[in-house]
Amino acid sequence: MAEIQPFAAVRPQPELAARICAPPYDVMSEAEARERADRDPLSFVRVSRPEVQLPPGSRGDTPEAYAAARRTFRELLAGGALRQDAQASLYFYRQSTSTHSQTGLVALASCADYEAGVIRRHELTRIEKEEDRVRHIEALNAQTGPAFLFHAPDSALREVRDAVTEQPPDIDFTAEDGVRHTAWRVTAPGIVGQIRELFAAMPRLYIADGHHRSAAAVRVWKKKNRAPGYGGFLAVIFPWNELQILPYHRILKDLNGKPPAKVLEEIARRCPPCPSAGKEPPGPGRFLVYVSGQWHGFHYPPADPSAAVVERLDATRLQQHVLGPVFGIDDPRTSDRIDFVGGIHDLTELKARVDSGKAACAIAMAPTPIQALVEVADAGEIMPPKSTWFEPKLRDAMFCHLLPED
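Residue numbering for the sequence shown follows the numbering used here, beginning at 425 and increasing consecutively.
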C-alpha cells in the first residue's frame with residue numbers, strides 16, 4: 425500500500441513561473457547554469473546550483489554555496505516571487521509537447537514506504553551525492569527538487585485527474601525548450617481523500633529519476649528521529665503508460681589502441697551485422713556504431729531467457745559483448761574513456777562529435793522499455809549505468825516542500 429500526503433506547496437507566482445522554474449540541478453553543466461543565472465536573477469538555478477553565485481570553478485557542496493542557496497531561497501520567499509499555499513493540497517502537473525503529454529500527481533511520498541521497499545529503486549546511489557542533497561535540504565529547510573516516480577495505470581485515478589484538469593490551471597507556461605508546464609491545485613477534501621485511497625490500493629511505486637533526492641530526504645528523516653513532519657518527500661508520480669524513455673547513447677574517446685577496421689571486425693565476431701543507414705536510433709536488440717565516417721548496424725547475440733532480467737537488457741549485453749572485450753572498458757561507471765549522451769540529442773549529434781575529433785566512436789542504443797525497468801526493480805536488481813533517459817524533465821521550483829522549523 426502506497427501512502428501519499430497532501431502538503432502546502434511553495435510555488436512561483438504564475439506570471440513569474442517561466443522565469444523562476446529551472447531544469448534539474450544535475451542536467452546542466454556549470455557553464456549552462458551560470459548562463460541561466462546571469463540571464464535572469466529570478467532563476468531558481470541560483471538555489472539549485474548555488475555555486476553560480478560564487479567565483480567560476482567554485483564547488484556546489486561547500487558551506488559558502490549552501491549559504492548562498494539559503495539566502496536566495498529566502499529572498500524569493502520574502503519578495504513574493506515564491507509563495508506558500510495556505511492549505512495542504514494535492515496537485516496535478518502536466519508536461520506536454522507537440523508529440524507527447526504526461527500528467528502526474530504532486531504529493532509527498534512516504535519515507536517509510538521507501539525504507540520498506542514499497543517504493544522500488546533500480547539505481548545505486550553515491551554517498552557524496554546523497555550527502556550534497558542532505559546538506560542542501562538542511563540549508564534551505566526545504567525540499568526543492570521533486571523525485572520522479574511512477575505507478576501502474578489506474579483508470580479510476582485517470583477519471584479524477586481528467587475532471588480536475590478540465591478546469592483552468594493555476595500555472596501554465598512554455599519553457600525555452602518548447603515543453604509546456606501546467607499545474608492544477610486540488611483542495612476539496614473529498615477529492616483529496618479519494619486520490620489518497622486510490623494510491624493506498626497500489627502495492628508499489630517506482631523511482632524513475634531522483635534516487636539521490638529520495639535517499640537524501642530519507643536520511644534527513646532519520647536524522648530527525650523519524651519525526652512526522654519529515655516523513656514525506658516531494659514527488660511527482662506518473663502512470664507508467666504515459667512516460668517517454670529515450671535512448672542513452674555511448675561515446676568512446678578512443679578505440680583501445682586498435683584501428684577502426686579491427687574494432688568493427690571484433691564486434692562482428694560477437695554481434696551479427698545488420699544493415700543501417702544511421703538515420704534513426706536502432707530498435708530493441710540492435711545497436712549502431714559510428715566510426716571513420718560510417719554507420720554500422722549490429723544485433724546482440726540471443727539472450728538466455730532463463731537469465732536474470734538485468735542480464736537481458738541491451739545495456740548489459742553491450743557491456744558484455746562490446747564495451748568490455750572490444751574497447752577494454754570494464755566499469756563504465758568509473759571509466760574516463762566513455763561518455764553518455766541522452767536521447768534528446770539525435771544521431772546527428774553523435775556523428776558530429778566523432779567527425780569533429782572530440783570522440784573516436786559513437787554507439788547508438790535503443791531505449792529501455794518501461795516494463796524492463798519495472799521487472800528489474802521488482803526483482804531487487806540494479807540497472808546498468810545510464811540505461812534510461814526520461815524526457816521531459818521535471819522543473820525545479822514548480823513545487824517546493826517546506827520542512828518544520830526547529
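In this text, a Cβ means the ideal position worked out from N, Cα and C, and glycines have one as well.
Beta bridge pairing from DSSP links P663 with H575.
Going by DSSP, Y630 is part of the beta strand (DSSP E) stretching over L629 to D633. Between T486 and R470 a beta carbon distance of about 15 Å is seen, past the 8 Å cut, so the two are scored as non-contacting. The beta carbon of P577 sits closer than 6 Å to the beta carbons of P663 and N665 from its chain, once the five residues preceding and following it are set aside; these are given in chain order. Note on geometry: alpha-carbon atoms of P480 and C535 lie some 36 Å from one another. For T812, there is no enclosing beta strand (DSSP E), since its DSSP letter is neither H nor E. When C-alpha distances from I753 are compared across A632, Y714, I675 and E554, the shortest belongs to I675. When only Cα atoms are considered, I615 and V584 end up about 8 Å apart.
Cβ-Cβ distances below 8 Å link F516 to T527, G528, L529, V530, R585, V588, T589, A607, W608 and V610 in the same chain, with the five nearest sequence neighbours on each side left out; the list follows chain order. Beyond the five residues adjoining it in sequence on each side, Y724 comes within less than 8 Å, by CB distance, of C695, G709, R710, F711, D738, R741, L742 and H745 in the same chain, given in chain order. Bridge pairing for Y515: V530 and R609 [DSSP].
Listed in chain order, the non-local C-beta contacts of A727 below 6 Å within the same chain comprise R736, local neighbours out to five positions each way being set aside. Per DSSP, reduced to three states, the secondary structure at I551 is helical. Runs of the alpha helix (DSSP H) spanning 4 or more residues and lying entirely within the stretch 435-504 occur at 441-444, 454-463, 469-472 and 487-502, in chain order. F431 has S513 as its beta-bridge partners, per DSSP. In the three-state reduction of the DSSP assignment, R710 falls in the strand class. Taking every protein chain shown into account, the CB of I551 has fewer than 16 other CB atoms within 10 angstroms, so this residue is exposed. Relative to Y630, the option among I661, V750 and F657 whose CA is nearest is I661.
Closest in C-alpha terms to L564, from the list P474, R443 and P683, comes P474.
Of the residues assessed, K646 falls on the exposed side of the cut-off, its CB having fewer than 16 other CB atoms within 10 angstroms. Nearest in C-alpha terms to R650, of all of P828, I806, C445 and D594, is P828.
For S482, the CB contacts under 8 Å within the same chain, skipping 5 residues up- and downstream, are E475, E488 and A489 in chain order. In this structure, the CA atom of G602 is about 9 Å from the CA atom of S522.
Apart from the 5 residues on each side of it in sequence, E773 sits with its Cβ closer than 8 Å to the Cβ of V765 in its chain, given in chain order. Judged by DSSP in its simplified three-state form, P592 adopts coil rather than helix or strand. With a 10 Å radius around the Cβ and a threshold of 16 neighbouring Cβ atoms, E427 comes out buried. Taking every protein chain shown into account, the CB of H546 has 16 or more other CB atoms within 10 angstroms, so this residue is buried. Exposed is the label assigned to R757, since fewer than 16 other Cβ atoms lie within 10 Å of its Cβ. Comparing C-alpha distances from G484 to each of H720, V558 and H575 shows the shortest one belongs to V558.
In the DSSP assignment, G656 forms a beta bridge with S534. According to the DSSP assignment, I762 belongs to the beta strand (DSSP E) that extends over I762 to G766. K677 is the residue among M807, V750, E562 and K677 whose C-alpha sits nearest the C-alpha of A784.
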